[in-house]
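Asker:
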Amino acid sequence: MAEDRPYKLYKIVNGIVIDHIPRFQALKVIRVLGVDKDHDSIVSIGTNFSSGKMGNKDVIKIENKQLTDDELNKISIIAPTATINWIEKETLVKKHKVELPSILKGIVKCANPNCITRHEDMKTIFYPIRDNDVLRLRCHYCERTFDKEDVEII
Amino acid sequence: MREIGGLDFKGKDVISINDLSRQEIDFILDKAEFIEKLDDGSKSTLLKGKIMASLFFEPSTRTKDSFNSAMTRLGGTIIGFDSDKSTSIKKGETVWDTAKMYNTYTDVIVMRHRVEGAARRAAEAASIPVINGGDGANQHPTQTLLDLYTIKKTQGRIEGLKVAMCGDLKYGRTVHSLAVALSHYGCRLYFVAPKSLKMPNYIQKELTKRGIVFSEHYNLEEVIPLADILYMTRIQKERFPDEAEYEKVSGIYILKSNMLKHAKENMKVMHPLPRVDEISTDVDETRHAVYFEQAANGIPVRQALLCLVLGRL
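Those sequence lines, one after another, are chains A and B. Here the first sequence is numbered in the working numbering, starting from 1 and rising by one per residue. Here the second sequence is numbered in the working numbering, starting from 1001 and rising by one per residue.
1) Could you check whether the Cβ of Ser1016 of chain B sits closer than 8 Å to any Cβ belonging to chain A?
2) Just mark Lys37 of chain A as buried or exposed, buried being the case when its beta carbon has 16 or more other beta carbons within 10 Å.
3) If contacts are defined as beta-carbon pairs under 8 Å, then Tyr1102 of chain B and Ala1164 of chain B qualify, I think. What distance do you get, rounded to the angstrom?
4) Restricting to runs no shorter than 4 residues, where is the alpha helix (DSSP H) found entirely within the stretch 1223-1250 of chain B?
5) Just to confirm before moving on: does the CB-CB distance between Lys57 of chain A and His20 of chain A stay below 8 Å?
6) Does the beta carbon of His96 of chain A come closer than 8 Å to any beta carbon on chain B?
7) In or out: Val1309 of chain B buried (at least 16 other Cβ within 10 Å) or exposed?
8) Using the beta-carbon of each residue, which ones in chain A are nearer than 7 Å to Ala1181 of chain B?
9) Please classify Tyr1218 of chain B as buried or exposed, where buried requires at least 16 neighbouring CB atoms within 10 angstroms.
10) Helix, strand or coil, according to DSSP, for Ser76 of chain A in the structure here?
11) Going along the chain, which residues of the stretch 102-121 of chain A sit with their C-beta nearer than 9 Å to a C-beta in chain B?
12) For a contact meaning CB atoms closer than 8 Å, what does Glu143 of chain A contact in chain B?
13) Are the CB atoms of Leu1055 of chain B and Gly1076 of chain B nearer to each other than 8 Å?
14) Mapping DSSP to helix, strand and coil, what is Ala1164 of chain B?
15) I'd like to know whether the C-beta of Asp1171 of chain B is nearer than 8 Å to at least one C-beta of chain A.
16) Buried or exposed, going by whether 16 or more other CB atoms sit within 10 Å of the CB of Val1192 of chain B?
17) Alpha carbon to alpha carbon, how far is Leu1029 of chain B from Asn1348 of chain B? Give it in angstroms, no decimals.
18) Nearest to Arg144 of chain A by alpha carbon, out of B:His1176, B:Thr1144, B:Ala1123, B:Pro1300?
19) Return the bridge partner residues of Trp86 of chain A from the DSSP annotation.
20) Between the alpha carbons of Ser1021 of chain B and Lys1153 of chain B, how many angstroms are there, rounded?
21) State the beta-bridge partners of Phe146 of chain A as determined by DSSP.
Below is the structure:
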């Protein structure tokens, strides 16, 4: 039966596994991490897997990759349910959920073309606002609030 | 960057009405009342020796002259510019650099800019206080404060009043800020607008979250007998992407004196000015018209703010 099929992605020695990504969001995660264009090791992407918790999910494995705080923040916007598994020598050494910070600095481009952040060389500041299951982002400067789909992650 | 907190305003910035609590707004309004009652002699030395930078990157008549008059009457002096044609701006100087420069020349910066968030950016660059005189379609906090001052002065209170707003509720920043500010006072709000210019959903959501009761209307005359305040706004042609769309709603609301016969005795008509044709001049002569007084109230409110942020009140 389809539900019993084990899913397999290329096994990695050192790197990260990003699990529990909402379905069809894996490509966006790959893009913001920049590993779709510039990475020397294996990147495997699985999309629309069955998940007990989520119904369906995406999974990404990236070999020889560490994540910075900024990268974790970017993932938390696209995939707030994601779990990060840190692998060393084929062993899981750390596992945690991503956490949306209370303030996002220099992560998101303001969608308002008349915002000062689009006119001067400066970092953006955004405040995430959770409205039930919807994530919105409020610009510190122009004070506009956007759906996360409407903003570009830098 | 400094945020307004507590009731010590010395050195603080005034960037957005959203940064101010009810207590802080009440405090500013009380100080405006105090300063308005002072005799001219006592006022004339309050800001002696202080210099205000009047940085108007885009033209403004009312706000610039009101600030300049407020400062001059308190004994202070003014330097600055009133368009982006000034030399350094024309050369492409950033808001950050301009604020850094005037930070060394003056004691307080008053600024208007067409770009949203420019005043907050200037406040980050400058260690002296920055007062926002309008940043694009975003904020114009001194307008909101003078609106609140006018409401309080004419009604004796703000708490629990019935306030109707009419006209361009979609693009008008004054009505957005005023609606949010009135939510501190438990006011009942009536929004009168055509469908294409209705109060944006994000403001309605914010008001609902704050427990404010409001309703939407198309017909102006049905809300006139209910209101304590009728806040009229201009439908701004420049906001419309398409002239045909503008034509559809232009002149849709014109308040005439005969429409006020069922208004409450205490009802006052406000308008941020300039008006085009949305208030007929025959309303000027009625006891309800208060829009010229409203503009004049900009002086004590701005004087209070200047004195507070400069630690002289």
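Ideal Cβ placement from N, Cα and C applies to all residues, glycine included. All values derive from a computational prediction rather than experimental measurement.
Answerer: A quick look at the data gives this:
1) At least one chain A Cβ lies under 8 Å of Ser1016 of chain B.
2) Lys37 of chain A is exposed by the Cβ-count criterion.
3) That belief does not hold up - the Cβ atoms of Tyr1102 of chain B and Ala1164 of chain B are roughly 41 Å apart, past 8 Å.
4) You should have 1243-1249.
5) Yes.
6) Closer than 8 Å: no.
7) Burial check for Val1309 of chain B: the Cβ neighbour count within 10 Å reaches 16 or more, so the residue is buried.
8) Chain A residues near Ala1181 of chain B: none, gap ~14 Å exceeds 7 Å.
9) By the 10 Å Cβ count, Tyr1218 of chain B comes out exposed.
10) Three-state DSSP puts Ser76 of chain A in a helix.
11) Answer in chain order: Cys110, Asn112, Asn114, Cys115, Ile116, Thr117, Arg118, His119, Glu120, Asp121.
12) Within 8 Å Cβ-Cβ: Ser1016, Asn1018, Glu1116, Gly1117, Asn1138, Gln1139.
13) No, the pair does not count as a contact, with Cβ atoms beyond the cut-off.
14) For Ala1164 of chain B, the three-state secondary structure derived from DSSP is strand.
15) As written in the sequence, residue 1171 of chain B is Tyr, which differs from the Asp given in the question. Closer than 8 Å: no.
16) By the 10 Å Cβ count, Val1192 of chain B comes out buried.
17) Since the first residue shown for chain B is 1001 and the last is 1313, residue 1348 of chain B is missing from the structure and cannot be characterised.
18) Closest in C-alpha terms to Arg144 of chain A, from the list B:His1176, B:Thr1144, B:Ala1123, B:Pro1300, comes B:His1176.
19) For Trp86 of chain A, which the question treats as bridged, DSSP gives the partners A:Ile16, A:Lys94.
20) Near 20 Å, if we compare the C-alpha coordinates of Lys1153 of chain B and Ser1021 of chain B.
21) The partner list for Phe146 of chain A (beta bridge, DSSP) reads A:Leu137.
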